[in-house]
Amino acid sequence: MSDHSFELIATLWPGFAHFPEFAIDARLDGIRVNPATAPIEELEAAISNLQVRDAPVPLFYDVKGRQLRVEEAREHEGHLEVILNHPIRIDLRDPSARIVAFKAGADFATLDWIEDGGRRLIFKDGRTFGPKYKVNHGESLHIRHPSLEVLGNLFTDHELRKIEAAKRAGFTRFFLSYTESQSDVDQLRELVGQDAELWLKIENEKGLRFVENAFKKTDGVVLAAARGDLFIEVQRPHDILKAVKLIIKKDPEACVGSRILLSIATRAMPPPEKLRALQAIHAHAQDPNLLDLIVRIFHDPTPSCADFSELAWLAEIGYKRFLLCDELCLHKDLLNTAINAFRVFEEAYT
């Protein structure tokens with residue numbers, strides 16, 4: 001993709017005020033467009049004017065497969081009810097199967113029963129069993145029990161419309177979330193064409209088993225260790241080490257993403273100050289001035305020793321492609337700091 005020793009891909013939405021600046025930034029080797037919760041109309045408006053094929057920085061489109069997301073959430077008589085984008089089946093006879101993680105594993109709730117063919121989740125009393133924080137439309141959730149089955153088609157009708165919109169805009173590079181089988185790869189390939197690049201995000205135990213037992217490296221197919229979700233999905237936290245080693249072993253061109261340079265975005269705060277800041281964000285989430293203030297509160301332009309050491313370890317085991325997560329790319333200052341830190345690391349390491 002570039003002449004850099006290490007390739008760096010950012011995650012940006014075309015509607016961000018800082019998108020045009022980074023879309024021509026030679027420090028980057030790619031930009032991942034993540035539509036996540038965007039309605040089809042918003043997506044079409046955002047990507048219709050992109051010059052995808054002639055973009056100075058290559059553009060990738062992120063396709064959502066079997067990742068579980070909230071289509072609707074509401075409180076009812078003290079408990080949470082959630083409508084999922086995909087129906088599920090799970091063995092609720094095991095109490096551990098009832099534990100559902102939200103907010104990237106920072107919040108939890110206890111499942112009571114399932115209705116509507118597996119799409120409606122009814123949770124136990126939230127005052128006792130969680131979640132602590134509001135569950136929003138579009139956010140992901142995690143059920144790590146081995147009996148979990150995500151049913152129905154790989155792509156929802158809504159996702160199929162988004163893929164068609166991305167193709168019309170000229171995208172030829174695609175990430176696929178929660179890749180679990182060769183069938184997943186084949187289905188996306190049928191939709192986007194034989195010449196498209198497919199970057200397969202490995203984000204759970206089923207995906208790891210596919211990599212270990214069935215993945216065959218071919219031209220135009222790249223594995224991606226998507227650690228944002230993968231770290232939550234592995235059975236034990238330290239299993240992430242074995243997982244990222246497996247992925248680079250099976251694909252020497254693999255990419256590693258998320259949970260990189262996060263010390264730039266967060267610093268320790270006294271609990272009362274942190275609570276007030278989070279309450280302010282929740283109350284005025286659309287206020288750009290408040291966002292700037294919060295970034296200044298949390299932003300530390302000096303990466304931690306652990307962050308630089310981790311980059312070095314990932315490079316030592318073979319990774320040369322790195323993907324920054326959404327959190328670091330939401331704000332211009334954070335992204336600039338992250339890119340500068342990464343390129344300084346590249347210079348020091350090589």
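When you line the sequence shown up against full-length UniProt numbering, it's residues 1 to 350, in that order.
Note that CB positions come from ideal geometry on N, CA and C, so glycine has one too.
Since the structure is predicted, the reported quantities are computational estimates derived from the model, not experimental observations.
Spell out the partners DSSP gives residue i in its beta bridges.
| i | result |
| --- | --- |
| L59 | I31 |
| F123 | L111 |
| G257 | A226 and L323 |
| I24 | None; I24 has no bridge partner. |
| H4 | Bridge partners of H4: none, in fact. |
| I83 | E72 and R120 |
Can you tell me whether residue i is helix, strand or coil according to DSSP?
| i | result |
| --- | --- |
| T11 | strand |
| K250 | helix |
| M269 | For M269, the predicted structure reports a pLDDT of 49, less than 50, and the residue's modelled location is therefore unreliable. The matter cannot be settled from this model. |
| H158 | helix |
| E139 | coil |
| R209 | helix |
| R189 | helix |
| V52 | coil |
| I163 | helix |
| I88 | strand |
Between residue i and residue j, is the Cβ-Cβ spacing less than 9 Å?
| i | j | result |
| --- | --- | --- |
| V63 | F210 | no |
| S263 | G228 | no |
| L323 | A224 | yes |
| K201 | G207 | yes |
| L111 | H86 | no |
| I143 | R119 | no |
| L198 | V234 | no |
| A169 | V52 | yes |
Locate the beta strand (DSSP E) running through residue i, then write down its first and last residues.
| i | result |
| --- | --- |
| F108 | D107 to E115 |
| E197 | E197 to I202 |
| I99 | I99 to F102 |
| R236 | Where R236 is concerned, there is no enclosing beta strand (DSSP E), given that its DSSP letter is neither H nor E. |
Could you spell out the range, first to last residue, of the alpha helix (DSSP H) harbouring residue i?
| i | result |
| --- | --- |
| F322 | Careful: F322 lies outside any alpha helix (DSSP H), inside the beta strand (DSSP E) at R321 to L323. |
| H76 | Per DSSP, H76 belongs to no alpha helix (DSSP H); it is in the beta strand (DSSP E), V70 to H76. |
| V344 | K332 to Y349 |
| F175 | Element bounds for F175: not the alpha helix (DSSP H) but the beta strand (DSSP E), R173 to L176. |
| I47 | I40 to I47 |
| D307 | C305 to E316 |
*On the three-pair Cβ rule with 8 Å, is the region 102-113 touching the region 36-56?*
no
*Count the CB pairs spanning the region 47-64 and the region 157-170 that are closer than 8 Å, and state whether there are at least three.*
yes
_Using 8 Å as the cut-off, can you tell me whether the region 300-316 makes contact with the region 8-20, which would need three or more C-beta pairs spanning the two stretches below that distance?_
no
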